[in-house]
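Protein chains in written order, with the working numbering: chain S, 193 to 481; chain E, 2 to 467.
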């Protein structure tokens, strides 16, 4: 779903000039509303407003913002953040291992990605553009804090729609900054984990700054028309250093009869105490409920 | 069966974490602690905040993993990780978590790193994030309940003002006629929602600057329909009506002071009550066990003064007859007149976490824990933006074991599928809903009948997570 709300954009254009300054506030995005979040007493809980200059933006090269996140408080180095990839229709995603893309899966891909690293992934079987391939990048710039054993259930969704893919195939650069929405300013729209709602902003604005106002930016996706180089020496550059990632095994859904439901209907649920044996293993790189 | 167990466990856990809020007996500070979504740790919660008779269902499940068990395990080293693993050779891969501030993640009790390597992601030993406020992000939670500032107030005509988003309060009238507003506890569900900001940029062909296609210009007068102040002062409006307070014309007073030639100050002052004024019985009427020795001594001193040290007269060197007796205060009766009817309101959710699109069932339980009945009970809940009320999902009932009282057949416990379910009796209540400022609904229930001492009602409704 694409939302083009000029009024919202116009208001944001005014507000992002003076709010929390610098992209240091990106991951400190919970600046003034955190209860009990005091990892370092020397840091202010709120940041002064004014004509502050943002050190980082959405137009920075891949890896810059994530690397800056690693230098700040709240150590996230070495943390693998659960991420899910979804696309329109029959599109398929795959991640590389040692420079070789894995066989694409027609199911959503779940992976644990390092914060601060940039990953190249591959999109194929695009609806209406069969035979076309895209090689976007994703940069994880912050993490979430799910409860115990719930990280696979609440990954950061990288949900792309057909507009993103078409723009990329036309040679444009699409920058999507995924952010954790502030519930106090949430948009009253019914959504699902498959939703790919995006707020389109004009070229004069910084998507990272806008996302910082709306919530906490957690990932940056860049889609362009880059193709793999033919020269072997350029492969490390293309794969951005082969950062490691981890497979995420999602527990299977358990379907059982609900005696309280009428007509013996079935209920599908993933209980929190699901055992390890219920996890399905075999698909690469992930298993889908 | 499995589903029931899970739900019951969640209910018990939620009640233990958040606690129910009963009026009075709690200071404002204690109530804030009890209703804080992130500061409530079950092990450290004050005892007086534990709900006593809130949940009608028994606690049958046990917590499988405790934080102590997790901390007693060995920390997982890097060797336990399987990066870029080939799943055909490694059936399951281990998920390594870094809790950020807390450092490395220990395995659960009895689980070494080797065994951790074979554990799947879903069952790995994550830190119990729910109870560690230092690694929580409130943006990942949907909270509902409590009473945010400004506090809710009752007005004439059953109207409640000050009910903002998230607020859940109950208004009631006691037998004495006083009107009270009591907030519930706050319920938080882990439900992060993500969105994107998209920017599309493209290169111009030929490296040429492309001119502007058009310029947006305002056409015609803007906001001509508004009555705005003029830019120049063209006239003056006379004062239509003036009101002034006229002071007194004159004042007579006799306040001539009497001259004092000399003021004598006391050289020494003694106040026998000074040592007693800190006693709770003296200034607040409360009898505490720790103060009983002081009270006993004080009572003894009074008796000694009044009996033993009575005035005696000596005549012709003959000692007077002295009455000697010992007397202690044997019992002390303190009469406490409690308040009138009081309502305890407690809000629960059947889930700890929910994805967008899932449904959450909320329970609001009100109980009359006072000493007299209450009437005009109005419960209102203003849902937050991300909660969408499921139409016709609300019901109001109370749980009572009326089957035995009416002589009905009560099934044996072993014949039941699961724990015995209390019988539900519908409670008559008027339900209304109206839109609130968060593009959601404010739900209001007004109980038709009064709640007598010990009676209660449960409100159940479902919300869909947006």
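Just so it is clear, CB atoms sit at the ideal spot from N, CA and C, and this is done for glycine as well.
query = Can a CB atom of chain E be found closer than 9 Å to the CB of residue 420(S)?
reply = Counted from its first residue, the first chain places residue 420(S) at position 228. No Cβ of chain E is located within less than 9 Å of the beta carbon of residue 420(S).
inquiry  = Mapping the DSSP letters down to three states, classify residue 425(E) as helix, strand or coil.
reply    = In the second chain, counting from the first residue as 1, residue 425(E) sits at position 424. Assignment of residue 425(E) by DSSP, reduced to helix, strand and coil, places it in the strand class.
ask   = If you count every other CB in all the chains shown that lies within 10 Å of the CB of residue 167(E), and 16 or more means buried, which is it?
value = Locating residue 167(E) in the second chain gives position 166, where the first residue counts as 1. Label assigned to residue 167(E): buried.
key: CB-CB length for residue 432(S) against residue 312(S), believed under 8 Å   = What you label residue 432(S) is simply residue 240 of the first chain in a count that begins at 1. What you label residue 312(S) is simply residue 120 of the first chain in a count that begins at 1. Right, their Cβ atoms sit about 6 Å apart.
inquiry  = Cutting at 7 Å between CB atoms, please list the residues of its own chain near residue 382(S), excluding the five before and the five after it.
reply    = Here residue 382(S) corresponds to residue number 190 of the first chain, with the count starting at 1. Counting only Cβ-Cβ distances below 7 Å, and skipping sequence neighbours, we find nothing.
request  = Consider the Cβ of residue 400(S): report whether some Cβ of chain E lies at a distance smaller than 9 Å.
outcome  = Position 208 of the first chain, counting from 1, holds the residue named residue 400(S). Yes - at least one Cβ of chain E is within 9 Å of the one on residue 400(S).
ask   = Hey, residue 487(S) and residue 273(S) are a contact pair by Cβ (cut 8 Å); roughly how many whole angstroms apart?
value = Here chain S has residues from 193 to 481 only, and residue 487(S) is not among them.
query = In terms of alpha-carbon separation, which member of 301(S), 341(S), 352(S) lies closest to residue 287(S)?
reply = For the purposes of this step, residue 287(S) is taken as residue 95 along the first chain, with counting starting at 1. Of all alpha-carbon atoms in 301(S), 341(S), 352(S), the one lying nearest the alpha-carbon of residue 287(S) is that of 301(S).
Beta strand (DSSP E) segments (min. 3 residues) lying fully within the segment 155-215 of chain E = The segment 155-215 of chain E contains these whole beta strand (DSSP E) runs: 160-162, 169-175, 180-184, 187-191, 195-202.
task = State the Cα-Cα distance for the pair residue 152(E) and residue 355(E), rounded to the nearest angstrom.
result = The count along the second chain starts at 1 and reaches residue 152(E) at position 151. The count along the second chain starts at 1 and reaches residue 355(E) at position 354. Distance between the alpha carbons of residue 152(E) and residue 355(E) is about 29 Å.
key: Range of the contiguous alpha helix (DSSP H) that encloses residue 361(S)   = Your numbering for residue 361(S) matches position 169 in the first chain. Its alpha helix (DSSP H) spans residues 354-361.
request  = Confirm, please, whether the CB-CB distance from residue 386(S) to residue 195(E) is below 9 Å.
outcome  = In the second chain, the residue the question calls residue 195(E) occupies position 194. In the first chain, the residue the question calls residue 386(S) occupies position 194. No, the Cβ-Cβ distance between residue 195(E) and residue 386(S) is not below 9 Å.
request  = Indicate whether at least one CB of chain S lies closer than 9 Å to the CB of residue 142(E).
outcome  = As a working mapping, residue 142(E) is identified with position 141 in the second chain. By this cut-off, residue 142(E) is an interface position.
request  = Under 9 Å between beta-carbons, which chain E residues line up against residue 346(S)? List them in chain order, please.
outcome  = Here residue 346(S) is taken as the residue at index 154 of the first chain, counted from 1. What residue 346(S) touches in chain E, judged by beta-carbon distance under 9 Å, is 141, 191, 192, 193, 354, 356, going in chain order.
inquiry  = Quick check: the Cα distance between residue 156(E) and residue 467(E), rounded to an integer number of angstroms?
reply    = Locating residue 156(E) in the second chain gives position 155, where the first residue counts as 1. Locating residue 467(E) in the second chain gives position 466, where the first residue counts as 1. Straight-line measurement puts the Cα of residue 467(E) at about 33 Å from the Cα of residue 156(E).
message = Quick check on this structure: which residue in 165(E), 187(E), 173(E), 378(E) has the alpha carbon closest to the alpha carbon of residue 143(E)?
response = Locating residue 143(E) in the second chain gives position 142, where the first residue counts as 1. The option with the nearest alpha carbon to residue 143(E) is 187(E).
task = Output the boundary residues of the beta strand (DSSP E) element that contains residue 335(S).
result = On the first chain, position 143 is the one that residue 335(S) refers to. Unbroken run through residue 335(S): none, as it is neither H nor E.
inquiry  = Residues in the same chain with beta-carbon distance under 6 Å from residue 453(E), minus the five sequence neighbours each way, listed in chain order, please.
reply    = Start at 1 with the first residue of the second chain, and residue 453(E) comes out as number 452. Cβ-Cβ distances below 6 Å link residue 453(E) to 374 in the same chain, with the five nearest sequence neighbours on each side left out; the list follows chain order.
key: 6 Å Cβ shell around residue 429(E) - same chain, five flanking residues per side excluded   = Walking along the second chain from the start, residue 429(E) turns up at place 428. Once the five neighbours on either side are set aside, the close Cβ partners of residue 429(E) are 449.
request  = Go ahead and pull the three-state DSSP assignment for residue 422(S).
outcome  = Locating residue 422(S) in the first chain gives position 230, counting from the first residue. The DSSP-derived three-state label of residue 422(S) is coil.
task = Using a threshold of 9 Å, state whether the C-beta atoms of residue 315(S) and residue 291(S) are closer than that.
result = Your numbering for residue 315(S) matches position 123 in the first chain. Your numbering for residue 291(S) matches position 99 in the first chain. No. Outside cutoff.
inquiry  = Looking at the secondary structure, which residues open and close the alpha helix (DSSP H) in which residue 427(S) lies?
reply    = Locating residue 427(S) in the first chain gives position 235, where the first residue counts as 1. The continuous alpha helix (DSSP H) containing residue 427(S) extends over residues 427-430.
ask   = Assuming residue 381(E) contacts residue 164(E) under a Cβ cut-off of 8 Å, what Cβ separation, rounded to an integer in Å, is found between them?
value = Looking up residue 381(E) in the second chain gives position 380. Looking up residue 164(E) in the second chain gives position 163. Confirmed, about 6 Å.
query = Are there three or more Cβ pairs, one per stretch, closer than 8 Å when the segment 382-398 of chain E is compared with the segment 416-428 of chain S?
reply = The segment 382-398 of chain E vs the segment 416-428 of chain S: no contact.
query = Can you tell which of 353(E), 376(E), 138(E) has its C-alpha closest to the C-alpha of residue 344(E)?
reply = Locating residue 344(E) in the second chain gives position 343, counting from the first residue. Comparing Cα positions, the closest option is 376(E).
query = Is residue 342(E) helix, strand or coil when you go by DSSP?
reply = Working through the second chain from its first residue, we reach residue 342(E) at position 341. In this structure, residue 342(E) counts as coil in the three-state DSSP scheme.
ask   = Would you call the CB atoms of residue 367(S) and residue 281(S) closer than 9 Å?
value = Indexing the first chain from 1 puts residue 367(S) at position 175. Indexing the first chain from 1 puts residue 281(S) at position 89. No. Outside cutoff.
message = Between residue 182(E) and chain S, is any beta-carbon pair separated by less than 9 Å?
response = As a position in the second chain, residue 182(E) is number 181, starting the count at 1. Interface residue (Cβ-Cβ distance to chain S less than 9 Å): residue 182(E) is not classified as such.
key: Cβ neighbours of residue 445(E) in the same chain (closer than 6 Å, five flanking residues each side left out)   = Residue 445(E) sits at position 444 when you count from the first residue of the second chain. For residue 445(E), the CB contacts under 6 Å within the same chain, skipping 5 residues up- and downstream, are 381, 433 in chain order.
ask   = Under a three-way DSSP split, which group does residue 139(E) fall into?
value = Here residue 139(E) corresponds to residue number 138 of the second chain, with the count starting at 1. Helix at residue 139(E).
ask   = Closer than 9 Å, CB to CB, is residue 360(E) near chain S or not?
value = Residue 360(E) sits at position 359 when you count from the first residue of the second chain. By this cut-off, residue 360(E) is not an interface position.
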